[in-house]
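Chemist: Numbering (our numbering), first residue to last: 10 to 115.
#1: Considering just the uninterrupted stretch of the alpha helix (DSSP H) at residue 64, what are its terminal residues?
#2: Check for me: the alpha helix (DSSP H) holding residue 81 runs from which residue to which?
#3: State the Cα-Cα distance for the pair residue 76 and residue 109, rounded to the nearest angstrom.
#4: State the Cα-Cα distance for the pair residue 43 and residue 23, rounded to the nearest angstrom.
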């Protein structure tokens, strides 16, 4: 049994020496570990990053309220946005937004 233990430790030391020699040889010849990715893999990585960015921006968007959409559709169909009443409201809001005073107010 003792011979077996000596043999195992000798084998381990031999492997260490061989690995050290290989590393030294690779350093002398300029070999280094490197990995190269195909163009498809690079595009896939970029696409994944873009998808994650879009997903993040969508997660912060407000929820769609279908009742508001239905209300706007109905107003469009009924021509509300072409009425003088709406145009006056819109004009007043825009003027206030840009700092102009409503000429009708006192």
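The C-beta atom is built at its ideal place from N, Cα and C for all residues, glycine as well. Since we're looking at a predicted model, the values are computed, not measured.
Modeler: Result, derived from the coordinates:
#1: 48-68 is the extent of the alpha helix (DSSP H) around residue 64.
#2: 75-87
#3: 33 Å
#4: Using only the alpha carbons, I get a separation of about 27 Å.
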